[in-house]
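Below, the structure written as structure tokens:
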């Protein structure tokens, strides 16, 4: 509401996002039934949140809480229905290379090798070939995949694909990295490995990272703060500070009693939300977004 | 017969010692597996050829209406010696290629446009639905009436019949591009033009190639029919002319020649497809 936003990298100010959805599905928010008339669906309501430069913020919430909508807003792929969304104090008007997005399904181009995938953003930005090569090589090395530069995505494991995707987003050097449940499709072992690696990359690059996840453990391990989001409409229920002790590089933080405590606190915050979302019998947000995309 | 020579050659080499013998055995095994693979692929064709050769000779069919394969090939050889095969083959190949390439040049860009721009699609869709459900051969008289019986009408018909599978597949290919690919490119700041040629085009290419191959088959089919109706050269003409003159062996040879053109087109396109979408084919093999 006021103009105290210049200190933060990203600032959500009472952001609200509605979609028009076709109204004949069960479990709609409003009572109208049987009609094909478009109805308003509130995905996000009154989101106010500030993310500091260089901060690692994790967002955790039940499925259907509008996390992906939040990310689309940040990516500039859609605009808020009301409220303001600022990056460096300026409203986000569209997609740009100052924000990089890492998707859960990798979104790597199957006709490009790992190296060529990483070069994509640079290519689109008009960076010269030699510089592209060099940067791609640098970021391939950063994610530990130098030996796999010439492999196509289908020749890589899920974990490797996600590393390539992370490298691709880092390659054009955005200030903010937006990650949409990037490790959700990976097995537990790979996921933990990548979490450690992501923290290392974050410390080395000093990026501001917004990390969306449905895993409380993951949020606690990664985030300096964890924002708990409620379901339908998505609201920020609480932002929990994670003690620095839980971000030790050497210890197995998951075995600390403190980890359990923090985890449990967030679990309790989420628990009501999960049961509420179940009672509401939600329609997955993904389908709504697709509808919106196809209209766009 | 070349395999027999190779076998004796490698056997004589094996005297050189244990290592060489092992090498030879591996070589022989590979040769044997290659031979059996070639046999597997061609066995059924060889069987067909054998039946064709034997059936008229033992009286299973009337040799007048189905001459043995060897006689058909002999007649074809005579035709080749007289230089007439080149003439017919050249005429058909020329029309097919020109028509097919024209169809590609027209239909693929149009399909990309329709697939990418919804307004163009909405405008053209009803027309496309009507026209593509009109069998091209039904239009053959119309083409002849309007364009005469020269090359123009035949090539136009080839263009027409090849254009539809190209158009439909290209439109579908563009529409089926994974929205996530587009989303990712947009977040990386790709302009609409970059999005198109760096994402839409490569993602659509495999499906476009499916259309290209259907179109090539369709082009040959329609061409033969057109040549049968009104032409002075071409394989379709050869087939129908031979039938009228009761040169049944030549008629069959014409049919074989058409088949060869179809096969050649198909393999050439497969080769092109593998060059352009190599990533796709190796992904399929793995998946």
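Chains as they are written, first to last, in the UniProt record's numbering: chain G, 1 to 296; chain V, 1 to 287.
A virtual CB, placed ideally from N, CA and C, is assigned to each residue, including glycine.
Terminal residues of the beta strand (DSSP E) in which residue i lies
| i | result |
| --- | --- |
| residue 179(G) | 176 to 180 |
| residue 238(G) | 236 to 241 |
| residue 48(G) | 38 to 52 |
| residue 83(G) | 82 to 87 |
| residue 10(G) | 8 to 22 |
| residue 101(G) | 99 to 102 |
Interface residues of chain G facing residue i [CB-CB closer than 7 Å]
| i | result |
| --- | --- |
| residue 194(V) | 124 |
| residue 190(V) | 124 |
| residue 279(V) | 110, 111, 152 |
Short Cβ contact (8 Å threshold) for residue i with residue j
| i | j | result |
| --- | --- | --- |
| residue 266(V) | residue 216(V) | yes |
| residue 183(G) | residue 194(G) | yes |
| residue 302(G) | residue 208(G) | Outside the shown range of chain G (1 to 296) lies residue 302(G), about which nothing can therefore be said. |
| residue 94(G) | residue 76(G) | yes |
| residue 379(G) | residue 87(G) | The displayed coordinates of chain G run from 1 to 296. Any statement about residue 379(G) would go beyond what the structure contains. |
| residue 159(V) | residue 103(V) | yes |
| residue 85(G) | residue 211(G) | no |
| residue 74(G) | residue 222(G) | no |
| residue 61(G) | residue 234(G) | yes |
| residue 87(V) | residue 233(V) | yes |
| residue 258(V) | residue 220(V) | yes |
| residue 15(G) | residue 47(G) | yes |
Residue-level contact to chain B via CB, residue i, 8 Å cutoff
| i | result |
| --- | --- |
| residue 118(G) | Reference to chain B is not applicable here, since the protein chains of this structure are G and V. |
Collapsed DSSP secondary structure at residue i in the structure displayed
| i | result |
| --- | --- |
| residue 213(G) | strand |
| residue 276(V) | helix |
| residue 224(G) | coil |
| residue 67(V) | coil |
| residue 115(G) | helix |
| residue 58(G) | strand |
| residue 208(G) | strand |
| residue 110(G) | coil |
| residue 198(V) | helix |
| residue 91(G) | strand |
| residue 4(G) | Low per-residue confidence applies at residue 4(G): pLDDT is 44, beneath 50, and the placement is therefore not dependable enough to give any value. |
| residue 229(G) | strand |
| residue 78(V) | helix |
| residue 135(V) | coil |
| residue 27(V) | helix |
| residue 53(V) | helix |
| residue 148(G) | helix |
| residue 187(G) | coil |
| residue 22(V) | helix |
| residue 77(G) | coil |
| residue 232(V) | coil |
Backbone CA spacing between residue i and residue j [nearest angstrom]
| i | j | result |
| --- | --- | --- |
| residue 211(V) | residue 131(G) | 38 Å |
| residue 133(G) | residue 213(V) | 37 Å |
| residue 118(G) | residue 157(V) | 46 Å |
| residue 56(G) | residue 171(V) | 43 Å |
| residue 109(V) | residue 161(G) | 33 Å |
| residue 135(G) | residue 170(G) | 10 Å |
| residue 201(V) | residue 142(V) | 36 Å |
| residue 19(G) | residue 42(G) | 6 Å |
| residue 65(G) | residue 232(G) | 6 Å |
| residue 69(G) | residue 165(V) | 39 Å |
| residue 12(G) | residue 45(G) | 11 Å |
| residue 39(G) | residue 83(G) | 21 Å |
| residue 10(G) | residue 71(G) | 12 Å |
| residue 144(G) | residue 196(G) | 13 Å |
| residue 177(V) | residue 152(V) | 37 Å |
| residue 249(V) | residue 237(V) | 15 Å |
| residue 41(V) | residue 28(V) | 20 Å |
| residue 288(V) | residue 35(V) | Residue 288(V) is absent from the structure shown; chain V starts at 1 and stops at 287. |
Cross-chain neighbours of residue i in chain V, by beta carbon under 7 Å
| i | result |
| --- | --- |
| residue 66(G) | In chain order: nothing, as chain V lies at least about 17 Å away. |
| residue 103(G) | 180, 184 |
| residue 234(G) | In chain order: nothing, as chain V lies at least about 20 Å away. |
| residue 136(G) | Residues of chain V passing the Cβ test: none, with the nearest at roughly 14 Å. |
| residue 95(G) | 186, 187, 189 |
Contact list for residue i against chain V, beta-carbon separation under 9 Å
| i | result |
| --- | --- |
| residue 75(G) | 183, 186, 187 |
| residue 172(G) | 188, 189 |
| residue 149(G) | None at all; the shortest Cβ gap to chain V is about 15 Å. |
| residue 184(G) | Result: empty, since nearest Cβ-Cβ is about 15 Å, beyond 9 Å. |
Chain G contact residues for residue i, given Cβ-Cβ distances below 9 Å
| i | result |
| --- | --- |
| residue 116(V) | Correct list: empty, because the minimum Cβ distance to chain G is about 14 Å. |
| residue 109(V) | In chain order: nothing, as chain G lies at least about 20 Å away. |
Host alpha helix (DSSP H) of residue i (start-end)
| i | result |
| --- | --- |
| residue 177(V) | Segment: none, residue 177(V) is in no alpha helix (DSSP H) and carries neither H nor E. |
| residue 62(V) | It is not in any alpha helix (DSSP H) - residue 62(V) carries neither H nor E in the DSSP assignment. |
| residue 160(G) | 158 to 171 |
| residue 89(V) | 84 to 116 |
Contact set between residue i and chain V, taken where Cβ atoms lie within less than 8 Å
| i | result |
| --- | --- |
| residue 121(G) | 188, 189 |
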